[in-house]
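*Asks:* Before anything else, here's the structure in question.
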Ligand code: BES
Ligand code: MN
Ligand code: MN
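Numbering (the numbering used here), first residue to last: 133 to 570.
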């Protein structure tokens, strides 16, 4: 675990250019660690953006080949003053490791790394063939891995991808994730007057870009959470009855969820649709931030000329990013108030995806997790996105087994991110058990 703590000390924040050297150091750390563990040809794959780490062990002829995926980059740690211990000085408190990346995804990547290392150490060989592919742009929408996988290098050929980058539904409840939402992330750029103007002189005549941004956003989603983009829901596939009924038997208390996890006075979203369906099987439209106008202390009487809203839509099967972008742009054009011009600047996108729970690689993972956690494995979907997973299916033709060991209260992307040490060690046991069962 000491090595994991050292890994967590590297602030490999892919969204912040000033951390480029740290991002590279994290890639080299993984490469060197895999090399020392006995993997073959451990190397960095360079390209535009952050390097991929690649390493293999293919000494099990006739056995399946598994693509072991994860990411070594992390989210920015802000707001810093809310951390009990500093984000890049891992601290152990009541059975958890606290650090940025502890659960997402350094601690979980280390589960795969440690499991393989343990088997090589104890047996001198593995029961399966493995290819590690660990990326450094998952958190920032980088395209390096996408270009690499889409070019279908023969060195990626494998039977299934194994991913530890999701969460368990509840403590002690082993969980397989069978669906991820996709995403369209970008900025709405709003322009009114040529330059900022005195609000007394020009108020009543000049268009206000910040107000326009608010009007545009309000036009795109109503108070009941329905997204007002014509055509957006056309391709939304209703979850099957068996999936819905499986979700109904999950141990869950909506009131407790509202109070303890969300912490708001009420939940939002489409009232006629059940909560899990809203979070896992419906598209979303969210505003992440609005930049523009005067936000300093005191007052300044100005009509802002420009505003930028960062927004995203989460996508569900069978929506496709390209089509959603076109629909969004059409709806945006209609929502622009008089005197204003607005445009959408795409930053990144990813398709949604589903995994067949009947797939043999999924079933055997569920069995192995059940054995280690002594509880029947549950199947859920995830509201988040892991952009490359759709392409593993499309370009490589392989299913992804998402066996995650995070917990709902791990605070990923938030202050005081943590990872349960018990789950870390049970995760390693489960992966060893799984690979041995194949
Ligand atoms: N590991 C998460 C995905 C995830 C989120 C799994 C919630 C389980 C629960 C992943 O690192 C992530 O945060 N993805 C981003 C992708 C985006 C930046 C394109 C996301 O979902 O926001
Ligand atoms: Mn992740
Ligand atoms: Mn993440």
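Beta carbons: idealized from backbone N, C-alpha and C, even for Gly.
1) Is the CB-CB distance between residue 331 and residue 427 below 7 Å?
2) What is the rounded straight-line gap between the Cα of residue 218 and the Cα of residue 231?
3) For residue 370 and residue 251, I'd like the C-alpha separation in whole angstroms.
4) Would DSSP call residue 353 helix, strand or coil?
5) Just to confirm before moving on: does the CB-CB distance between residue 498 and residue 361 stay below 7 Å?
6) Please write down, chain order preserved, every residue whose beta carbon lies under 6 Å from a heavy atom of ligand 2.
7) When you compare only the Cα positions, how much space is there between residue 469 and residue 480?
8) What's the call for residue 201, buried or exposed, on a 16-neighbour Cβ count within 10 Å?
9) Look at the alpha carbon of residue 339 and the alpha carbon of residue 474, and state the distance between them as a whole number of angstroms.
10) Less than 6 Å separating the Cβ of residue 294 from some heavy atom of ligand 1?
11) Which residues mark the beginning and the end of the beta strand (DSSP E) in which residue 534 is found?
12) How many angstroms separate the CA atom of residue 196 from the CA atom of residue 260?
13) Just to confirm before moving on: does the CB-CB distance between residue 363 and residue 459 stay below 7 Å?
14) Any idea what DSSP makes of residue 162, helix, strand or coil?
15) Would the segment 185-194 and the segment 166-177 be scored as touching if the rule is three or more Cβ pairs under 8 Å?
16) Compare the C-alpha of residue 478 against each of 546, 440, 316 and name the closest.
17) Quick one: using the 10 Å Cβ neighbour count with 16 as the cut-off for buried, is residue 212 buried or exposed?
18) Using only the heavy atoms of ligand 1, determine whether one of them is closer than 6 Å to the beta carbon of residue 517.
19) Give me the Cα-Cα distance between residue 509 and residue 487, rounded to the nearest whole angstrom.
20) May I ask you to check if the CB of residue 273 is nearer than 6 Å to at least one heavy atom of ligand 1?
21) Please return the same chain residues whose Cβ sits closer than 6 Å to the Cβ of residue 275, not counting the five positions on each side in sequence.
22) I'd like the span of the beta strand (DSSP E) that includes residue 281, first residue to last.
23) Look at residue 355 and residue 446 and say whether their C-beta atoms are less than 7 Å apart.
24) Beta carbon of residue 229, beta carbon of residue 222: below 7 Å?
25) When you compare only the Cα positions, how much space is there between residue 236 and residue 395?
26) Tell me the DSSP secondary structure of residue 250 in three-state form.
27) Mind checking whether the beta-carbon of residue 514 lies closer than 6 Å to any heavy atom of ligand 1?
28) Verify whether the separation of the beta carbon atoms of residue 293 and residue 145 is less than 7 Å.
29) Measuring alpha carbon to alpha carbon, tell me which residue in 199, 532, 207 is nearest residue 289.
30) Pick from 450, 326, 556: whose alpha carbon is nearest that of residue 368?
31) Note down, in chain order, each residue of its chain lying with its Cβ closer than 8 Å to the Cβ of residue 265, except the 5 sequence neighbours on either side.
32) Just to confirm before moving on: does the CB-CB distance between residue 192 and residue 258 stay below 7 Å?
33) Grab me the residues of residue 410's own chain with a C-beta within less than 8 Å of its C-beta, minus the 5 sequence neighbours each way, in chain order.
34) Please give the ranges of any alpha helix (DSSP H) in the segment 415-500, keeping only runs that are unbroken, at least 4 residues long and fully inside the region.
35) Of the residues 256, 157, 562, which one's Cα is nearest the Cα of residue 171?
36) Taking just the CA atoms, how far does residue 320 sit from residue 141?
*Replies:* From the atom records:
1) One-based indexing of the chain shown puts residue 331 at position 199. One-based indexing of the chain shown puts residue 427 at position 295. No. Outside cutoff.
2) Translated into positions along the chain shown, residue 218 becomes position 86. Translated into positions along the chain shown, residue 231 becomes position 99. Near 7 Å, if we compare the C-alpha coordinates of residue 231 and residue 218.
3) Counting from one through the chain shown, the residue named residue 370 turns up at place 238. Counting from one through the chain shown, the residue named residue 251 turns up at place 119. Computed Cα separation, rounded: 42 Å.
4) For this step, residue 353 is matched to residue 221 along the chain shown. Residue state, collapsed to three classes: strand.
5) Taking the chain shown and counting its residues from 1, one reaches residue 498 at position 366. Taking the chain shown and counting its residues from 1, one reaches residue 361 at position 229. Not in contact: residue 498 and residue 361 (Cβ atoms no closer than 7 Å).
6) Qualifying residues, in the order they occur: 203, 236, 237, 270, 297.
7) Walking along the chain shown from the start, residue 469 turns up at place 337. Walking along the chain shown from the start, residue 480 turns up at place 348. So the two alpha carbons sit approximately 27 Å from each other.
8) Along the chain shown, read from residue 1 onward, the residue named residue 201 stands at position 69. Buried, since its Cβ has 16 or more Cβ neighbours within 10 Å.
9) For the purposes of this step, residue 339 is taken as the residue at position 207 of the chain shown. For the purposes of this step, residue 474 is taken as the residue at position 342 of the chain shown. Roughly 13 Å between the two C-alpha positions.
10) Residue mapping note: residue 294 aligns to position 162 of the chain shown, counting from 1. No, ligand 1 has no heavy atom inside 6 Å of this Cβ.
11) Taking the chain shown and counting its residues from 1, one reaches residue 534 at position 402. Its beta strand (DSSP E) spans residues 532-535.
12) Along the chain shown, one-based indexing puts residue 196 at 64. Along the chain shown, one-based indexing puts residue 260 at 128. Approximately 6 Å between the Cα atoms of the pair.
13) Numbered from its first residue, the chain shown carries residue 363 at position 231. Numbered from its first residue, the chain shown carries residue 459 at position 327. Yes, the Cβ-Cβ distance between residue 363 and residue 459 is below 7 Å.
14) Here residue 162 is taken as the residue at index 30 of the chain shown, counted from 1. Helix, per DSSP.
15) yes
16) Residue 478 sits at position 346 when you count from the first residue of the chain shown. Of the listed residues, the one whose Cα sits closest to residue 478 is 316.
17) Here residue 212 corresponds to residue number 80 of the chain shown, with the count starting at 1. Exposed: under 16 other Cβ atoms inside 10 Å.
18) Taking the chain shown and counting its residues from 1, the one referred to as residue 517 is at position 385. Checking the Cβ of residue 517 against ligand 1 gives yes.
19) Position 377 of the chain shown, counted from the first residue, corresponds to residue 509. Position 355 of the chain shown, counted from the first residue, corresponds to residue 487. Taking the straight line from one Cα to the other gives about 15 Å.
20) Against the chain shown, residue 273 aligns to sequence position 141. Correct: residue 273 has its Cβ closer than 6 Å to ligand 1.
21) Residue numbering aside, residue 275 sits at position 143 when the chain shown is read from its first letter. So the list is empty, once near-sequence residues are dropped.
22) To locate residue 281, count along the chain shown from 1; it is residue 149. Note, residue 281: premise wrong, no beta strand (DSSP E); alpha helix (DSSP H) at 276-282.
23) Here residue 355 refers to the residue found at position 223 when the chain shown is read from its first residue. Here residue 446 refers to the residue found at position 314 when the chain shown is read from its first residue. In this structure, residue 446 does not lie closer than 7 Å to residue 355 by Cβ.
24) Translated into the one-based positions of the chain shown, residue 229 becomes position 97. Translated into the one-based positions of the chain shown, residue 222 becomes position 90. In contact: residue 229 and residue 222 (Cβ atoms closer than 7 Å).
25) In the chain shown, residue 236 corresponds to position 104, counting from 1. In the chain shown, residue 395 corresponds to position 263, counting from 1. Whole-angstrom Cα-Cα distance: 22 Å.
26) The residue labelled residue 250 in the question sits at position 118 within the chain shown. Judged by DSSP in its simplified three-state form, residue 250 adopts helix.
27) On the chain shown, position 382 is the one that residue 514 refers to. Correct: residue 514 has its Cβ closer than 6 Å to ligand 1.
28) Numbered from its first residue, the chain shown carries residue 293 at position 161. Numbered from its first residue, the chain shown carries residue 145 at position 13. For residue 293 and residue 145, no; Cβs fall outside 7 Å.
29) Here residue 289 refers to the residue found at position 157 of the chain shown. When each option's Cα is compared against that of residue 289, the closest is 199.
30) Taking the chain shown and counting its residues from 1, one reaches residue 368 at position 236. The residue with the shortest Cα to Cα distance from residue 368 is 450.
31) In the chain shown, the residue the question calls residue 265 occupies position 133. 184, 185, 186, 199, 200, 201, 277, 288.
32) As a position in the chain shown, residue 192 is number 60, starting the count at 1. As a position in the chain shown, residue 258 is number 126, starting the count at 1. Cβ distance < 7 Å, so residue 192 and residue 258 count as in contact.
33) Numbered from 1 along the chain shown, position 278 holds the residue referred to as residue 410. Excluding positions up to five away in sequence, the list reads 357, 401, 402.
34) 453-467
35) Walking along the chain shown from the start, residue 171 turns up at place 39. Comparing Cα-Cα distances from residue 171 to each of 256, 157, 562, the minimum goes to 256.
36) Locating residue 141 in the chain shown gives position 9, counting from the first residue. Locating residue 320 in the chain shown gives position 188, counting from the first residue. Going from the Cα of residue 141 to the Cα of residue 320 covers about 36 Å.
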